[in-house]
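Below: the structure, in structure tokens.
Protein chains: 2
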Amino acid sequence: MRGPKSIEPFFYPKSVAVIGASAKAGKIGYTVFSNLKKAVKKIFPVNPKHRNVQGKKCYKNVLEIPSSIDLAVISLPAQKVPEALAQCARKKVKAAVIISAGFSEVGEKRSTQRLLNIIKRNSGTRVMGPNCVGILNNHSGIDTTFFDRARMKAPKKGSLSFISQSGALGSMILDWTSTQEFGISKFASYGNAMDVDEADLLEYLGQDAKTKVITAYLEGAKHGRKFFEIAKKISRKKPIVVLKGGKNEQTSKAAGSHTGSLAGSAAVYDAVFRQAGIIQADDMIDLFATAKLLEEEPLTKGRRVQIITNGGGFGIVAADQMLAKGLKLAKISGRTRRRLAKALPDAILSNPMDLLADADAKSYGKAISGCIADKNVDMVMVLILFSIPTLNPENLALLRKPSRKIKKPLVVVATGGPYTKKFLTRIEKAGFTTFNYPSIAAKALAETAFYAEFLRKG
Amino acid sequence: MRGPKSIEPFFYPKSVAVIGASAKAGKIGYTVFSNLKKAVKKIFPVNPKHRNVQGKKCYKNVLEIPSSIDLAVISLPAQKVPEALAQCARKKVKAAVIISAGFSEVGEKRSTQRLLNIIKRNSGTRVMGPNCVGILNNHSGIDTTFFDRARMKAPKKGSLSFISQSGALGSMILDWTSTQEFGISKFASYGNAMDVDEADLLEYLGQDAKTKVITAYLEGAKHGRKFFEIAKKISRKKPIVVLKGGKNEQTSKAAGSHTGSLAGSAAVYDAVFRQAGIIQADDMIDLFATAKLLEEEPLTKGRRVQIITNGGGFGIVAADQMLAKGLKLAKISGRTRRRLAKALPDAILSNPMDLLADADAKSYGKAISGCIADKNVDMVMVLILFSIPTLNPENLALLRKPSRKIKKPLVVVATGGPYTKKFLTRIEKAGFTTFNYPSIAAKALAETAFYAEFLRKG
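Respectively, the protein sequence lines represent chains A and B. Using the working numbering, read the first sequence as starting at 1 and increasing by one per residue. Using the working numbering, read the second sequence as starting at 1 and increasing by one per residue.
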């Protein structure tokens, strides 16, 4: 079986076997078993050395288990993996995650070839890995990742999914989301991709109702054309944000992504990704910012941004950034101008719109409502300088979002240190999408504007 | 008197008068007086309404004070400012900060013209403002800024100076530095620049022994040619990092910087700034990062960066960023390679150099020492993924800096959430220069490489 249905058991298994389950705390086989035990009732430890693991009867091998198995997680020394996988195939296990390393990534050919033969011969068992941390379904609690939960705050439940060859980069994004107002849906690190690859996962997440935004770290696509065909289809339905590692000739060598169709310069990638409607991130900072914007805000209808500020200089720096990133400065209509001139007699009603140093939550509220309702405005960026000596930051932090009848992106940006951050966090908690720097917000807004244009082109 | 000597009394006054000193807490005239009182013994409140302000005898006007005055700070309603300044001139006050607003910035012509006449007629009193927050000398405690010290953490004493037309942007940078390992030397917000302008301040800071790095937010230069001539000279002695607001035709209008020589496109600015050896920031994020790098690290001798990482993907993303910003990937010498191959038998000794997931502080230490000593390496970027499941972040946070005999920039980058930040902060406290994102560090490294090249061109 192929297609998204065959990926489902990785994320929603009803029965799980942990091959290499351990009774010794600190071992990967211990952590994985203990994490999965919390999420699945039908769970079976497999380890010939034990009769009992963490209070559960232990089996010599997967074939002995008196139940069908949806998911097997294999954490064994590399040379023992092929036999264990062969047994999974005989048992008609639907999905297997091979955590073990020591295959093609270290140049180990014999075990790699044996594994490949087993994968090719059977059509019933989908395989993720080897050399991976596997999957996390943050809604069902299915978790093969052995990330350090005791120390790292668990991510919130949400609708952002992330796929990455590298497990380490996955742990980075989970760490980051723990500070955000939204959360993670599904995560998959697929390692050497001997069977399940980025394209399979993309296709699966594309049809997954619990995934709203797909983010990915890719070094190469195992099958370039397949990946792009799938991406092109999926990106019509939901946004895909990709951070591509190895964009240049020098770095793509380090990434080991020599696979024909994907090699080339940063410019080539850019063109191909654009064609597939893929939103691009240059760095983790963009990946995070764009994912956040897509998660929290409606998609923009155009490139015209209205900036509202309480500091002239801050507004101008932001406007320069908008233009640098390919966005446009909106021009509010005569009607909006007349209304705001009455409501905010002292404000400078240009773009940036300067509410001056004595602006409070009320004047910001009026300016935001006026601008967001204007047909000449596609998005609104609100800048707040909390550190202006004469203002009352406590009052500014009381800012509330306008009614959501008008669906346009609205972001709040405040730059500074801990003083600024304290008040910006309150604004974020009140439901606003916030950023620390105009340039970061501008890049994210520009990327989503590109995506909106891609969708409109149809 | 003109030249840097005439600016000195703003930062090192031996006697101060506060014109408009107030006995009422919360008033600007109260805060300014109470802040200055802590730093200067010979301080005189001036206010015809009071006989006594904060325990000091109060004078009707500056002429009545039985002592010469180095610095007068004027915080009065706009229409009263010209007379007060005229009295300062008669008194031969060396420097006057006019905090009051309500002049050319709001189109008020009469008071502006009167002020200008007084400034032109006298040659003894240098004037800063009006419409400014004035100055902060973080070493002597001289502070006319009325920033909210009770709420905002005071910046550390250090050698970063900052000039800005806007006081608000100054408060932003002070807020930011409170989180940094280095601190602020001098800050000046010069408002409408009717007398003292950005060029005067640049010249002064250029010869100031307590200033190592000059940062500036500029919307325009009052006298473009004068500014660039001075910048060209100063930048030979110490780095100048400028964030220019209003780089584009649309935004320069908002910035009100129509002053001939400085108008134009972002590209024109870029060229002119480069010629003067000015390091450019696109946004606050660059301004902060570049200032930090210049403050904490020696200047690079070239563009070749060696990346050391414990996560392959993270390394590749960083390498892409280096190339995108115009830096080069270093190639370590055969000798270094052989030495490191013995010391770190499992590491992948390319660029990025991958120490793999089990790297510890010891292996990082060896790799850093080896690379920084290599004549083919100009700078070293160390990437640490603290969230890799199998590693011990506590151990990695024990990383110590190599001996400083070899003067090359060395930065540590770690991306993530609170878990990552906790360990990165320890690394920063151990004396490393740290950043949260490879792209931000790469931009700062590239800007300082440009500056080093400017200096070499002679």
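Heads up, the beta-carbon is just placed ideally off N, CA and C, and yes, glycines get one too.
Every alpha helix (DSSP H) stretch that sits fully inside the region 71 to 153 of chain B and reaches 4 residues is listed by chain position as 81 to 90 and 109 to 121. Among the residues facing chain B, Tyr30/A is not included, as its CB has no counterpart in that chain under 8 Å away. Here Phe227/A carries a helix assignment [DSSP, helix/strand/coil]. Residue pairing by DSSP places Asp354/A opposite Thr309/A and Ile348/A in a beta bridge.
Residues of chain B whose Cβ lies closer than 7 Å to the Cβ of Asn248/A are, in chain order, Asp320 and Leu323. By the Cβ criterion, the region 402 to 417 of chain A is in contact with the region 297 to 311 of chain A, since at least three pairs of Cβ atoms, one from each stretch, lie closer than 8 Å. Identification of residues in the region 170 to 185 of chain A having a C-beta nearer than 8 Å to some C-beta of chain B yields Ser171, Met172, Leu174, Asp175, Trp176, Thr177, Ser178 and Thr179, given in sequence order. Of all residues in the region 214 to 237 of chain B, the ones placed with a Cβ closer than 8 Å to any Cβ belonging to chain A are Tyr217 and Glu219, in chain order. Looking at the DSSP output, Ser15/B shares a beta bridge with Lys42/B. Taking the Cα positions, Val81/A is about 16 Å away from Arg121/A. The C-alpha of Ile388/B is placed about 7 Å away from the C-alpha of Phe147/A. Using a Cβ-Cβ cut-off of 8 Å, Thr336/B is close to nothing in chain A; its nearest Cβ partner there is about 18 Å away.
For Lys157/B, no CB of chain A lies under 8 Å from its own CB, so it is not counted at the interface with that chain. With fewer than 16 other beta carbons inside 10 angstroms of its own, Leu63/B counts as exposed. DSSP places Gly245/B outside both helix and strand once states are collapsed to three, so it counts as coil. The criterion of a C-beta distance shorter than 8 Å is satisfied by Asn138/B and Lys186/B. At a cut-off of 8 Å, the C-beta of Pro345/B has no neighbouring C-beta in chain A. The region 161 to 174 of chain B makes contact with the region 206 to 218 of chain B, as at least three CB pairs between them are under 8 Å. Lys153/B reaches chain A at Gly417, Pro418 and Tyr419, counting residues in chain order whose Cβ is nearer than 8 Å.
Along the region 168 to 240 of chain B, the beta strand (DSSP E) occurs as fully enclosed runs of 3 or more residues at 184 to 189 and 213 to 218, listed in sequence order.
Counting C-beta pairs with one atom in each stretch, the region 309 to 316 of chain B and the region 384 to 403 of chain B have three or more that are closer than 8 Å, which means they touch. For Val317/B, DSSP assigns no beta-bridge partner whatsoever. For Cys58/A, same chain residues with a beta-carbon under 6 Å away, outside a window of 5 residues either side, are Pro45, Asn47, His50, Arg51 and Asn52 in chain order. With the rule of 3 Cβ pairs closer than 8 Å, the region 67 to 82 of chain B counts as touching the region 97 to 104 of chain B.
Note: Leu410/A is bridge-paired with Val380/A in the DSSP secondary-structure output.
Residues Asp143 of the same chain have their beta carbon placed closer than 6 Å to that of Asn35/A, with the five preceding and five following residues left out of the count. At the C-beta level, Leu340/B and Val305/B stay beyond 8 Å of one another.
Here Phe10/B carries a helix assignment [DSSP, helix/strand/coil]. With a threshold of 8 Å between beta carbons, Val412/B makes no contact with chain A. With fewer than three CB-CB distances shorter than 8 Å, the region 240 to 250 of chain A does not count as touching the region 278 to 291 of chain B. Taking the beta carbon of Gln165/A as reference, the chain B residues within 8 Å of it are Gly313, listed in sequence order.
At a cut-off of 8 Å between beta carbons, Tyr437/A contacts chain B. In the DSSP assignment, Ala341/B is bridged to no other residue.
In the three-state DSSP reduction, Arg456/A falls in the helix class (H, G or I).
Assignment of Asn61/A by DSSP, reduced to helix, strand and coil, places it in the coil class.
In this structure, the alpha-carbon of Ser67/B lies about 13 Å from that of Cys88/B.
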